[in-house]
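Residue numbers in the sequence shown follow the working numbering, run continuously in steps of one, and reach 200 at the last position.
The beta carbon of each residue, even a glycine, is placed where N, CA and C say it ideally should be.
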Amino acid sequence: MAGTPPSPTTRSTTASPGASGRLVSPPPPGTWGPPTYGDIQGIMFLNKPRRISEVRDGLSHTFLISEDAGRPELWVRGKNVAVADPDRKPEGAGWADYESEYYTHGTSDDRSCHTNCNNDNEDYSFHPGGAHKLFADGSVHFIKETMSMRDFARLHSFNGGEVISADQY
């Protein structure tokens, strides 16, 4: 992907946020304010531990942790936008930051972009075509940017009864 950060760097450029669920209504673009959360359907959420027996969709069908490269700088579609505005930084940039959870809500105006759109609590890598995800069974898969947002959101749910075939991602 164009815009890969220079090396070597003195800080970590990859975070691995936990899958918290789907965001029902983020603040409108260009505004600030609290989002509206749906029922927390992700396997990882602050102060909400999950038991393996609660993962009805199966551990091999549930996202656990995502690649989110480039932090603490802000990257949008391969471009470092923090260079233009040094105060713009993604939340939860530290690897153990309590704000490192993220929600699936899409990042384009029509909310359809889920991977490699930006690294502010979204899946992001410098690999062309997708990013890596750790599933709850311990396996790692490369998730394509072209995967449908619906299937992407379903893999964040741990108990919705959705089972997505591996050929969909």
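Helix, strand or coil at residue i according to DSSP, with G and I counted as helix
| i | result |
| --- | --- |
| Ala162 | strand |
| His172 | strand |
| Leu186 | coil |
| Ala167 | coil |
| Ile195 | coil |
| Ile74 | coil |
| Val86 | coil |
Given residue i as reference, the closest of the options once Cα atoms are compared
| i | options | result |
| --- | --- | --- |
| Phe166 | Asn147, Ala113, Gly89 | Gly89 |
| Lys175 | Cys148, Asn150, Gly160, Asn149 | Gly160 |
| Gly192 | Met75, Arg87, Tyr200 | Arg87 |
| Ser170 | Thr93, Leu105, Gly109, Ala113 | Thr93 |
| Asn190 | Arg181, Ser84, Ala100 | Ser84 |
Enclosing beta strand (DSSP E) for residue i [first to last residue]
| i | result |
| --- | --- |
| Leu90 | No beta strand (DSSP E) holds Leu90; DSSP gives it neither H nor E. |
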